[in-house]
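Adding 597 to a residue's 1-based position in the sequence shown gives its number in the numbering used here.
Glycine included, every Cβ here is placed at the ideal spot set by N, Cα and C.
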Amino acid sequence: MNLHEAILAHFQERFGEAPAHVIRAPGRVNLLGEHVDYNDGFVLPIAIDRATWLAFSPSETGQTTLQARDLSEEVSFSPETLSAKTDSAGHPLPGWALYPAGVMWALQDAGLATPALKGVYSSNVPQGSGLSSSAAVEMAFVLAWQTLGGWELSPMQRALLGQKAENNYVGVNCGIMDQFASACGKQDRLLHLDCRSLEWHTLPLPQDVAIVIADTRMRRTLTSGEYNKRRADCEEAVRILSTKLPGIRSLRDVSVEMLDQHASELPEQVEKRARHVVEEIERSVRAIPLLERREMTEFGRLINECHASLRDLYEVSIPELDTMVEIAQALPGCYGARLTGAGFGGCTVNLVERGQADAFSEALSAGYETETGFYPEIYICSASNGAELV
Ligand code: GLA
């Protein structure tokens, strides 16, 4: 049974009827432009063929009642209980429920109707794996309330509301990339977003290249703390640099030459963080003509450089991610490999010659297991559409 069928059956069992609607909202994998979205940089993600599935109907009770199938847990809440972050009985909301409740809060705050609904959801985006399982949940619920609420926003506006929920309700100071990719994904296309202007377009995915996702099975711990610290270091860099470079608003406005010139004025750690960001933004600019000309070897080199920079300068890798990347980079047909997402665990993304992808996956799996004793999950993914009613 696939997730679509499973969610229909589960809704029927819980609520004794078929759901009125089903939504599929994908996770994402990012090829280049890591930890630059909150620095006004450029990102190159795709929406993947793994998703949150949400089956739902309007509810007559005035309460939104949700069941998380993967956890076998259920909560009910309403606009009145949102600011206290409690369920209808006054108990604190469990962690997973902060995402849908946060979406309701962000929509209410924007003056958008969030009629009570009853729903069941389930996801095959592994949590804490760097594939944006949270953004997928957020985008599913924004679309669910749009479906019932009688209002309509563009996918980008929906992404911004999901980000607001995560920043101000859940408390993770994330950028816009994940929600953007989950909302705006296009089948078989790579997305290119300017995180400053929010202008975006799509690029073809070269047919002879496979995107292979390899899950180290290591899960992040305490990420939001480390993530927020990286962000604070970037802000500190801008604050110090702007005393010498008036007019800069973010690290997007700083070139590698400018950073070289003023490097000694920054504390060592702040300088390393800023260097990753400034060079990564430069890499993501160089990537576009390479992709247009299908120069995969050169594009892959940028991906490899990105990993080294995330490991040595931004310091968001872990030994298992480094092992997975080292094994991959030495295999035939691999153009580039790196950790993807926030880091501290989760997945790597690998760009591989299509004809070699199966052999690559097998060798990577065996190599990683030998080195670490863990059996990784490896799959060849395809680019899917963003959140949609199915
Ligand atoms: C997480 C955040 C994104 C982005 C990435 C790193 O996935 O949610 O906004 O900052 O980390 O590129």
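Let me check you understand the geometry: is the CB of glycine 938 closer than 7 Å to at least one non-hydrogen atom of the ligand GLA? Result yes, Cβ under 7 Å from the ligand GLA.
Nearest-angstrom beta carbon gap, serine 685 and serine 669 [assumed within contact, 8 Å]: Rounded to the nearest angstrom, the Cβ distance from serine 669 to serine 685 is 19 Å, too far for a contact under 8 Å.
In chain order, which beta strand (DSSP E) runs of at least 3 residues are fully inside the stretch 808 to 892? Runs found: none.
Close-in-space but distant-in-sequence residues of the same chain around arginine 816 (CB under 6 Å, 5 per side omitted): Sequence-distant Cβ neighbours of arginine 816 in its own chain, meaning closer than 6 Å and more than five residues away, are Gly725, Gly942.
Taking the alpha-carbon positions, what's the valine 769 to serine 680 distance? Approximately 17 Å between the Cα atoms of the pair.
With three or more C-beta pairs closer than 8 Å as the rule, is the stretch 893 to 903 touching the stretch 915 to 935? A contact exists between the stretch 915 to 935 and the stretch 893 to 903.
Alpha carbon to alpha carbon, how far is lysine 869 from asparagine 825? A direct Cα-to-Cα measurement between lysine 869 and asparagine 825 gives close to 16 Å.
For phenylalanine 653 and tyrosine 976, I'd like the C-alpha separation in whole angstroms. Spanning the two alpha carbons is a distance of roughly 30 Å.
Beta-carbon contacts of glutamate 763 that lie in its chain and below 8 Å, excluding the five residues immediately before and after: Take glutamate 763, set aside five residues on each side of it, and the residues of its chain with a beta-carbon closer than 8 Å to its own are Tyr696, Gly699, Ser731, Ala732, Glu735, Val769, Cys771, Gln776, in chain order.
Can you check which of these residues, Pro623, Glu631, Met855, is closest to tryptophan 650 by C-alpha distance? Ranked by Cα distance from tryptophan 650, the first of Pro623, Glu631, Met855 is Pro623.
Run the CB neighbour count on asparagine 599, radius 10 Å, all protein chains shown included, and call it buried at 16 or more, exposed below. Exposed, because fewer than 16 other Cβ atoms sit within 10 Å of the Cβ of asparagine 599.
Beta-carbon gap between alanine 603 and serine 719 smaller than 8 Å: Yes, these two residues count as a Cβ contact at 8 Å.
Tell me whether isoleucine 604 sits in a helix, a strand or coil according to DSSP, three-state version. Isoleucine 604 sits in a helix when the DSSP states are folded into three classes.
Are isoleucine 808 and cysteine 944 touching if we call contact CB-CB under 8 Å? No.
What does the Cβ neighbour count give for arginine 1041, buried or exposed, with the cut at 16 atoms within 10 Å? This structure cannot speak to residue 1041, because the chain is shown only from 598 to 987.
Collapsed DSSP secondary structure at proline 623 in the structure displayed: Correct three-state label for proline 623: strand.
Under 8 Å by Cβ, that's how I've got alanine 984 and isoleucine 620 pegged, so tell me the actual separation to the nearest angstrom. Contact between alanine 984 and isoleucine 620 holds: their C-beta atoms lie close to 6 Å from each other, under 8 Å.
Please name the residue or residues paired with lysine 715 in a DSSP beta bridge. Looking at the DSSP assignment, lysine 715 forms a beta bridge with Ser654, Thr662.
Flag this pair as yes or no: are the beta carbons of arginine 880 and leucine 629 separated by less than 8 Å? Against a cut-off of 8 Å, the Cβ pair of leucine 629 and arginine 880 comes out as a contact.
For histidine 789, which of helix, strand or coil comes out of DSSP? Strand.
When you compare each of Leu795, Pro642, Phe612 to serine 981 by their alpha carbons, which one comes out closest? For serine 981, the closest C-alpha among the options Leu795, Pro642, Phe612 is that of Pro642.
If we call anything under 8 Å between Cβ atoms a contact, is valine 851 one with leucine 842? Between valine 851 and leucine 842, the gap from beta carbon to beta carbon is short of 8 Å.
Report back the beta-carbon spacing between leucine 745 and proline 655 to the nearest angstrom; my notes put them in contact at under 8 Å. Contact between leucine 745 and proline 655 holds, since their C-beta atoms are separated by about 6 Å, short of 8 Å.
Is the Cβ-Cβ distance between valine 640 and valine 874 less than 8 Å? It is not a contact, given that the beta carbons lie outside the stated cut-off.
With which residues is histidine 798 paired in a DSSP beta bridge? Its beta-bridge partners are His789.
Just the C-alpha distance for serine 794 and lysine 783, rounded to the nearest angstrom, thanks. Near 20 Å, if we compare the C-alpha coordinates of lysine 783 and serine 794.
Measure how close the beta-carbons of valine 867 and aspartate 830 come, nearest whole angstrom, since I'm counting them as under 8 Å. Indeed they touch by this definition, with Cβ atoms about 5 Å apart.
Which residue from Asn947, Glu876, Met774 puts its Cα closest to that of serine 907? For clarity, residue 907 is leucine in the given sequence; the question names serine instead. Comparing Cα positions, the closest option is Glu876.
Measuring alpha carbon to alpha carbon, tell me which of Glu912, Glu974, Thr799, Gly938 ends up nearest glutamate 889. The residue with the shortest Cα to Cα distance from glutamate 889 is Thr799.
Would you call the CB atoms of leucine 690 and valine 672 closer than 8 Å? Taking C-beta atoms as the reference points, leucine 690 and valine 672 count as a pair closer than 8 Å.
Is aspartate 812 buried or exposed, if buried means 16 or more other CB atoms sit within 10 Å of its CB? Only buried fits aspartate 812, as 16 or more other CB atoms lie within 10 angstroms of its CB.
Could you tell me which residues DSSP puts in a beta bridge with arginine 935? In DSSP, arginine 935 forms a bridge with Val946.
Tell me the rounded alpha-carbon separation between leucine 948 and arginine 611. Linking leucine 948 to arginine 611 through their CA atoms gives a straight-line distance of about 42 Å.
Tell me which residues share the same chain as leucine 961 and place their Cβ nearer than 8 Å to its Cβ, disregarding the 5 neighbours each side in the sequence. So the qualifying residues of the chain are Val809, Ala811, Met921, Ile924, Ala925, Leu928, Asn947, Pro973, Ile975.
Compare the C-alpha of alanine 713 against each of Phe608, Ala963, Thr658 and name the closest. Nearest neighbour of alanine 713 by Cα position, chosen from Phe608, Ala963, Thr658, turns out to be Thr658.
Given serine 779 as reference, the closest of Leu838, Ser751, Pro803, Leu802 once Cα atoms are compared: Among Leu838, Ser751, Pro803, Leu802, the Cα nearest to that of serine 779 belongs to Ser751.
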